[in-house]
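One structure is given below, encoded as structure tokens.
Residue numbers (our numbering): 3 to 336.
Right, here's the structure in full:
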């Protein structure tokens, strides 16, 4: 067997250089612009949230309202979350090194995971305090409570609007946005609890609405934790169907089979793909690779590709490291 058939054929880099440079420049420019915008908006929201957190904590102490204290506690996690988000954006913009070849993008995901766990813990603390107050709920200055909660609602809505444009594309910003939405819902709950206490004198509404706020926080944070964990476990992105990716590659003229296919997320909005593609021996690899890359970019938005081209008689185990027992994806067609 000839050496050309034993090893994976080299692709003419000159034929792909222009395409590579275009994709890289577009991705780099988009990522840098998104990071700058996110940093500016997160800074504004951090200042607003920190100021309101102090005001709400003071309001909870003056009025004796657990709902306000719960919302202030949640606002504290907001401040921490926003600080972590800013740190992650800053580190994420640093260039890659020989030791960190993907850069510091995963700090964004770690920060998002920490945010989610912090939300769960603060919810459990709210439940505990509400349980202690349920049997003998203390009297609360409901009028002042509603005033403070209303001010908080306005500030939270302003902050949510500031982060709205980025929360779908950036998992870290989404974590901060969820914190803000949770705070807004908490303010609504505090307003309703204050109204019930003011009109009907039902002071049990304070711990009751505190628990409802806690449940809403847990619901939102669970989705954040699940998504961040999937990224850290190199799971296939939720918006990408691996079988559909395989179909797109197999439908390309000249491709006979594909194996060891992996798609994962490096950080929010930046997916990567690797695969071994078996092709007919007479085809021009440069043209085939260019066609596959174009299809995957247009269909799935994946730009970071590593594809090993193989011929049908490429059977030397020296070059095939994906043996049974490893976590390699095998086509369902086999």
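Quick reminder that beta carbons are idealized off the backbone N, C-alpha and C, glycines included. Treat the numbers as computed from the prediction; the structure is a model and nothing was measured.
Buried versus exposed, by CB contacts within 10 Å (16 or more), residue i
| i | result |
| --- | --- |
| residue 156 | exposed |
| residue 245 | exposed |
| residue 166 | exposed |
| residue 40 | buried |
| residue 282 | exposed |
| residue 216 | buried |
| residue 117 | buried |
| residue 142 | buried |
| residue 181 | buried |
| residue 79 | buried |
| residue 241 | exposed |
| residue 221 | exposed |
| residue 32 | Since pLDDT at residue 32 reaches only 46, below the 50 mark, its modelled position is unreliable, and the value read off the structure follows with that caveat. By the neighbour-count rule (16 or more Cβ atoms within 10 Å), residue 32 is not buried but exposed. |
| residue 176 | buried |
| residue 209 | buried |
Paired residues, beta bridge with residue i - DSSP
| i | result |
| --- | --- |
| residue 307 | 275 |
| residue 312 | 280 |
Beta strand (DSSP E) segment containing residue i, residue limits
| i | result |
| --- | --- |
| residue 263 | 257-269 |
C-alpha distance - residue i paired with residue j, whole-angstrom precision
| i | j | result |
| --- | --- | --- |
| residue 300 | residue 269 | 19 Å |
| residue 213 | residue 85 | 26 Å |
| residue 133 | residue 67 | 14 Å |
| residue 57 | residue 88 | 23 Å |
| residue 75 | residue 230 | 23 Å |
| residue 43 | residue 226 | 20 Å |
| residue 73 | residue 64 | 14 Å |
| residue 148 | residue 218 | 20 Å |
| residue 206 | residue 152 | 20 Å |
| residue 139 | residue 306 | 58 Å |
Residue range of the unbroken alpha helix (DSSP H) whose run includes residue i
| i | result |
| --- | --- |
| residue 209 | 207-234 |
| residue 130 | 108-136 |
| residue 297 | 287-302 |
| residue 144 | 144-166 |
| residue 253 | Residue 253 -> no alpha helix (DSSP H), and no H or E assigned at all. |
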